[in-house]
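Take a look at the structure set out below.
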Amino acid sequence: MKRNFILHTLTAPLRSKAAPLAALFASLAFAANAQVGIGTLTPDASAQLDVKSDSKGVLVPRLTSAQRTGIPAPADGLLVYDTDTKSFWFFKSGTGWAKIDPETLALPYAGTETNAGTLFSVTNQGAGAALEGVAGTAGPAGRFLNTNAANTEGNVVTVETNGSGNIPDRTKGHAASFRVSNSESVAAAVRGEVNTIFGNFGAAGIFGVSNGTGGLAGLFHASNTNGNGAALVAISDGNGIAFRANAAKGNAVEANVDATGDAIYGWVPTFATGRAGHFEIYNEDNGNDAITVKTVGNGTAGRFIVDRTTGTSPAVYGEVNSMFANLGTAGIYGRSSGTAGYAGLFYSSNPSGNGPAMLALTEGNGNGLTANAGGSGDGVEASADGAGNAISGFIPNFGTGRAGRFANNNANNGNPAVHVSNAGSGPSLLVQHSGGASGNLAIFQNNTANVARINKAGVGFFNGGTQNSGADIAEAFDVIDEVSEYEPGDVLSIATSKDRTIEKSAGAYSDLVLGVYATKPGVLLTEENIDTDLTGKVPMGVVGVIPTKVCGEGGAIQRGDLLVTSSTPGVAMKADKAKVQAGQILGKALQNFDGDGIGKINVFVNVK
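To convert a position in the sequence shown, counted from 1, into the working numbering, add 66.
Here it is, written out as structure tokens:
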């Protein structure tokens with residue numbers, strides 16, 4: 067049903083207009099469900115109210131901004147004119163009042179609005195871009211700015227995708243993609259900057275978050291196989307850290323190389339004074355290594371070099387300040403867990419170098435060096451390829467300790483505490499005393515009590531006496547003629563042609579007889595120094611059992627017979643007691659002799 071109203075302008079007083087208006091609104095209320103046409107007899111079929119005029123418009127309610135926003139429970143679609151903003155506003159359920167901006171997108175375009183909803187939205191259901199900004203000259207292709215310092219909720223730009231990504235083509239499928247397509251450009255694809263004074267979490271030039279069970283918070287890929295640029299460079303011109311990483315459970319930093327480079331390479335330039343690397347654990351209950359180095363290859367697990375010929379610093383410096391001496395509490399701890407190899411190797415490789423391969427010092431009461439072999443190996447093994455000493459121990463002129471000490475504390479160990487062997491021509495043991503006039507070269511004790519000693523003069527003192535493997539006491543003498551003409555067992559007499567010289571006995575019953583050429587003297591006396599070569603002298607036995615040359619010139623020799631010189635040079639015979647005079651007795655026979663020619667028997671030599 068249609069109702070048509072043709073209203074004419076009335077010139078009567080205002081109260082005269084009330085009746086027609088009342089009739090109009092009464093009719094409108096009556097025909098609430100009918101189409102209404104004002105100024106037309108044929109309202110449009112799509113309109114509930116169709117107002118037509120060639121010279122007038124429709125005047126909607128006019129309110130201030132305060133009045134508009136004060137309308138209680140505005141209906142969805144309510145339309146008013148705001149006299150403050152000079153614009154039409156409509157109410158939209160869920161978002162509130164929205165301004166109907168009369169401005170178009172004519173360029174340059176600028177618009178300002180206060181609205182809880184989205185002011186500008188573009189949707190493209192096709193394959194093209196929903197929005198594209200192009201800069202053809204020096205300006206930016208797009209610019210987004212937040213001028214409200216109190217805005218802590220909204221992002222300046224939010225880019226989000228629900229796509230699954232594109233594994234075959236990593237240039238597609240991202241929430242955002244930035245690319246500098248100029249091969250000679252020095253620009254960055256993405257530049258982020260903050261100038262805050264705070265270092266809170268998130269205050270970053272670029273902040274990446276991975277909140278799924280996989281994915282990376284950041285990925286930098288230098289994909290050109292011929293490129294030389296770094297995948298990531300971090301630089302700090304201030305006092306802060308250039309790169310910081312923290313992991314709740316995994317590795318904070320993990321690096322690897324597929325070729326011959328270094329997984330991690332730290333260096334300090336020539337003008338800087340910092341460290342190339344620093345590793346530290348602050349948790350006292352953390353028993354892990356501060357740094358672990360491992361290799362399954364044949365190279366060294368760690369290599370440290372001080373590449374300076376005038377350097378005075380160590381290549382490796384280890385320190386502990388523990389009060390305990392447990393196994394492993396060490397400045398440097400080396401371990402060999404295989405069937406061979408060294409727990410530690412120190413090699414001074416310069417053939418012209420004078421420094422030791424290893425130096426151990428202690429300022430406290432502990433040992434400078436402690437070595438122990440748990441199996442059958444040696445606690446310490448040392449060798450010298452040159453003229454040096456395999457082991458050299460000394461006490462400086464201000465020290466009061468020992469240069470060496472060897473102790474066997476096992477009562478069931480029958481091995482010597484010290485074993486010295488020598489395959490050369492030098493002495494097996496050399497003891498030197500360069501102290502004062504008194505003192506001893508050696509002292510021997512039994513349960514801390516002295517039992518033997520040798521003083522500086524070379525005199526030996528023995529509480530229990532001595533036992534020698536020889537059977538006589540001899541003294542070294544010069545001889546007439548060559549030593550090669552003498553042999554053990556020769557009877558010797560005083561030579562009258564030269565002082566302190568002997569020769570073979572000559573003539574029977576000689577009172578010049580002095581002794582016998584000793585075969586194996588138990589004690590050899592001499593006036594010479596112990597370093598004097600005695601090869602030109604003969605050891606003449608004067609007391610003791612000595613194998614002696616004898617003959618049957620005086621008759622058969624029986625045990626106990628007195629012996630004197632015979633007419634054969636260097637040979638003794640049985641004495642006739644009736645003929646014996648003082649000084650002629652050589653000694654007594656200890657064996658029988660009844661043979662022809664010259665034989666040799668044991669004689670107790672004791673010239674009388």
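All residues carry an ideal CB built from backbone N, CA and C; glycine is no exception.
Nothing here was measured: the structure is a model prediction, and the numbers come from that model.
Nearest chain B C-beta to residue i closer than 8 Å, yes or no?
i	result
Val609	Structure shown: chain B not included; a single protein chain is present.
Which partner residues does residue i have in the DSSP bridge list?
i	result
Arg369	Paired residue(s): none; Arg369 is not in a bridge.
Glu569	Ser559
Gln511	Asn516
Leu629	Lys640 and Gly653
Trp163	Phe157
Please return the same chain residues whose Cβ sits closer than 6 Å to the Cβ of residue i, not counting the five positions on each side in sequence.
i	result
Thr183	Correcting the residue identity first, residue 183 is Gly in this sequence and not Thr. Result list for Gly183: Thr161, in chain order.
Gly229	Gly239
Pro554	Tyr583 and Thr585
Glu429	none
Gly397	Gly384, Glu385 and Val386
Tyr399	none
Thr213	none
Please classify residue i: is it buried, with 16 or more other beta-carbons within 10 angstroms of its beta-carbon, or exposed?
i	result
Asp662	exposed
Trp163	buried
Val246	exposed
Gln511	exposed
Thr585	buried
Ser251	exposed
Glu569	buried
Asp373	exposed
Ile539	buried
Gly620	buried
Leu629	buried
Tyr408	exposed
Gly607	buried
Tyr552	buried
Lys674	exposed
Ala325	exposed
Phe157	buried
Let me check understanding here. Comparing Cα to Cα, which of the options lies closest to residue i?
i	options	result
Asn181	Gly194, Gly199, Ser159 and Tyr175	Ser159
Ile272	Ala255, Ala321 and Pro206	Ala255
Val545	Ala321, Ser504 and Leu558	Leu558
Glu346	Leu197, Ala356 and Ala338	Ala356
Ala638	Ala644, Ala648 and Asp627	Asp627
Ala423	Gly410, Ala469, Gly430 and Asn433	Gly410
Ala241	Glu226, Gly103, Ile233 and Asp120	Glu226
Ile233	Thr336, Asp303 and Gly281	Gly281
Ser131	Lys118, His344, Ser276 and Asp148	Asp148
Phe286	Thr279, Ala296, Asn277 and Gly278	Ala296
Ala523	Ala469, Ile596, Asn476 and Lys640	Ile596
Gly501	Ala489, Asn463 and Thr532	Asn463
Ala537	Thr598, Asn672 and Gly404	Asn672
Gly581	Phe670, Asp599 and Asn294	Phe670
Ala448	Val362, Gly440 and Ser458	Ser458
Ala313	Ala283, Ser504 and Thr151	Ala283
Ala215	Ala204, Asn248, Thr361 and Thr262	Thr262
Gly258	Ser403, Asn248 and Gly274	Gly274
Lys165	Ile137, Pro174 and Leu185	Leu185
Pro417	Ala391, Gly404 and Gly452	Gly452
Would you mind giving the Cβ-Cβ distance between residue i and residue j, rounded to the nearest angstrom? I have them listed as a contact below 8 Å.
i	j	result
Asn668	Pro613	6 Å
Pro493	Ala572	That belief does not hold up - the Cβ atoms of Pro493 and Ala572 are roughly 41 Å apart, past 8 Å.
Arg519	Asn534	Going by Cβ atoms, the distance from Arg519 to Asn534 rounds to 18 Å, so no, they are not a contact pair.
Leu656	Arg625	6 Å
Tyr49	Val604	There is no way to answer for residue 49, as the model of the chain reaches only from 67 to 674.
Ala542	Thr601	The pair is not a contact, with the Cβ atoms about 10 Å apart (cut-off 8 Å).
Ile301	Ala308	6 Å
Asp120	Gly103	Contact flag wrong, Cβ pair sits at about 15 Å.
Arg134	Val146	5 Å
Ala574	Ser632	5 Å
Gly199	Gly208	4 Å
Thr189	Ala195	Contact doesn't hold; Cβ gap of about 11 Å is too wide.
Val359	Gly368	5 Å
Below 7 Å CB to CB, which residues in the same chain sit around residue i once its five sequence neighbours on both sides are set aside?
i	result
Ala329	Ala321, Asn322 and Val323
Gly665	Val616 and Phe659
Ala483	Phe472, Ala473 and Asn474
Leu495	Val486
Thr567	Phe543, Asp544, Val545, Ile546 and Ala561
Val549	Gly602 and Val604
Got a sec? Which residues, its chain only, sit under 8 Å from residue i by beta carbon, not counting five neighbours each side?
i	result
Leu211	Val222
Asp577	Gln647, Ala648, Gly649 and Gln650
Phe412	Ala423 and Met424
Thr395	Val386 and Ser388
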